[in-house]
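Enquirer: For the sequence shown, our numbering assigns the number 30 to the initial residue and increments by one for each residue that follows.
Note that CB positions come from ideal geometry on N, CA and C, so glycine has one too.
Quick one: this structure, given as structure tokens, is what I'll be asking you about.
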Amino acid sequence: MKVHRCLMGIIICMALSTANAAPSPIALLQSISNQLMIQLEKKQTEIHHNPTVLNQIIHRVLIPHVNQTRMAQYVVGRQYWQRSTDVERSLFIQYFTDVLIRTYAHALKVYSSQKIKFYQRGHSHQRIVNVYASITPTQGPIFEVVYQMLYERGAWRIIDFSVDGVSLVHSYREQFAETLSQGGLKALVKVLKKSNLT
């Protein structure tokens, strides 16, 4: 599945990176990876007995560095976002974040040791930048993860991930397209609420 492959690449980058000191966006990703590894090692026993502990770690360490509103807008698309109410938007952001956390946690349980190199191409003095990660798995070909990051209100935040050219945002947009076309954001919120309860 596109979404799971994309999340797997993201997790490998954040949890296993050994990048050196670098410009701000790269330094942020390194900081996230370090915090994740510390918490995973510290809470290993608790996670084994209670998987929701892993969700809590992801919510605390990763999510503050994701621009949830921007990502939600991109996933839904301008047409449906503008036609929705403030309540529907708020609920979608909440439930979509829960979906991201659960998918991320599922992939995080099965990652293995990889070689990774973070880098940027061209100028970094822009409001939106791409941070690249070249990943060499223990088996199989090298693949690339791209983090799209937005500088806003004095901080860098993630607004999309891509693995081998497959965007996480676009993957979810395709996944949600039918529900949106049938009932708009209100219908999608109901679907996500139900899936989060199961």
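For my contact list, ALA134 and ILE87 are in at a C-beta cut-off of 8 angstroms; report their separation, rounded to the angstrom.
Expert: Taking the first residue of the sequence shown as 1, we reach residue 134 at position 105. Taking the first residue of the sequence shown as 1, we reach residue 87 at position 58. Sure, about 6 angstroms apart at Cβ, within 8 angstroms.
Enquirer: Using the Cβ count rule (16 or more neighbours within 10 Å means buried), how would you classify VAL116?
Expert: One-based indexing of the sequence shown puts residue 116 at position 87. It is exposed - the Cβ of VAL116 has fewer than 16 other Cβ atoms within 10 Å.
Enquirer: Can you list the alpha helix (DSSP H) stretches of 4 or more residues lying completely in the region 64–123, in chain order?
Expert: Listed in chain order, the complete alpha helix (DSSP H) runs (minimum 4 residues) inside the region 64–123 are 73–78, 81–90, 97–105 and 107–112.
Enquirer: So which of THR74, ALA101, ILE122 and ALA162 has the shortest CA-CA distance to GLN59?
Expert: Locating residue 59 in the sequence shown gives position 30, counting from the first residue. Out of THR74, ALA101, ILE122 and ALA162, ALA162 has the C-alpha closest to the C-alpha of GLN59.
Enquirer: Reducing DSSP to helix, strand and coil, say where TYR177 ends up.
Expert: Position 148 of the sequence shown, counted from the start, is the residue given in the question as residue 177. Looking at the sequence shown, residue 177 is not Tyr but Gln. If DSSP states are grouped into helix, strand and coil, GLN177 belongs with the strands.
Enquirer: Report the three-state DSSP secondary structure of ARG202 (helix, strand or coil).
Expert: Counting from 1 along the sequence shown, the entry for residue 202 is found at position 173. Correct three-state label for ARG202: helix.
Enquirer: Which whole-angstrom value is the C-beta distance of VAL160 and TYR176, which I expect to be below 8 angstroms?
Expert: Sequence index remark: in the sequence shown, residue 160 carries index 131 (1-based). Sequence index remark: in the sequence shown, residue 176 carries index 147 (1-based). So it is a contact: roughly 4 angstroms between Cβ atoms.
Enquirer: I need the straight-line Cα distance from ILE61 to LEU209, nearest angstrom please.
Expert: Reading the sequence shown from its first residue, position 32 is the one you call residue 61. Reading the sequence shown from its first residue, position 180 is the one you call residue 209. The alpha-carbon atoms of ILE61 and LEU209 are separated by roughly 33 angstroms.
Enquirer: Quick one, are the C-beta atoms of ASN84 and ARG156 less than 8 angstroms apart?
Expert: Translated into positions along the sequence shown, residue 84 becomes position 55. Translated into positions along the sequence shown, residue 156 becomes position 127. No, the Cβ-Cβ distance between ASN84 and ARG156 is not below 8 angstroms.
Enquirer: Are VAL90 and LEU214 close, meaning C-beta to C-beta below 8 angstroms?
Expert: The count along the sequence shown starts at 1 and reaches residue 90 at position 61. The count along the sequence shown starts at 1 and reaches residue 214 at position 185. In this structure, LEU214 does not lie closer than 8 angstroms to VAL90 by Cβ.
Enquirer: Assuming ASP193 is part of the beta strand (DSSP E), what are its boundary residues?
Expert: Along the sequence shown, one-based indexing puts residue 193 at 164. Taken as a continuous stretch (DSSP letters only), ASP193 belongs to no beta strand (DSSP E), as it is neither H nor E.
Enquirer: Opposite ARG186 in the DSSP bridges: which residues?
Expert: In the sequence shown, counting from the first residue as 1, residue 186 sits at position 157. ARG186 is bridged to LEU179.
Enquirer: Output needed for TYR201: all residues of its chain with C-beta closer than 6 angstroms, excluding positions within five of it in sequence on either side, in chain order.
Expert: Numbered from its first residue, the sequence shown carries residue 201 at position 172. The residues are VAL104.
Enquirer: Would SER191 be called buried (16 or more neighbouring beta carbons within 10 Å of its own) or exposed?
Expert: As a first step, residue 191 must be located in the sequence shown, where it is residue number 162. Label assigned to SER191: buried.
Enquirer: Would you say ILE55 lies against chain B (beta-carbon separation less than 8 angstroms)?
Expert: Considering every chain present, this structure includes no chain B. It has just one protein chain.
Enquirer: Throw me the rounded Cβ distance for the ILE188 and ASN79 pair, which I believe falls under 8 angstroms.
Expert: Position 159 of the sequence shown, counting from 1, holds the residue named residue 188. Position 50 of the sequence shown, counting from 1, holds the residue named residue 79. Between ASN79 and ILE188 the Cβ distance is about 31 angstroms, and since that is not below 8 angstroms, they are no contact.
Enquirer: Could you say which of GLN149, ARG186 and GLN168 lies nearest to VAL174 if we only look at CA atoms?
Expert: Your numbering for residue 174 matches position 145 in the sequence shown. Answer by Cα proximity: GLN149.
Enquirer: Per DSSP, VAL158 is paired with what?
Expert: Along the sequence shown, one-based indexing puts residue 158 at 129. Note: VAL158 sits in a beta bridge opposite MET178.
Enquirer: Given that a residue counts as buried once 16 or more other Cβ atoms are within 10 Å of its Cβ, and exposed if not, what is ALA101?
Expert: Numbered from its first residue, the sequence shown carries residue 101 at position 72. It is buried - the Cβ of ALA101 has at least 16 other Cβ atoms within 10 Å.
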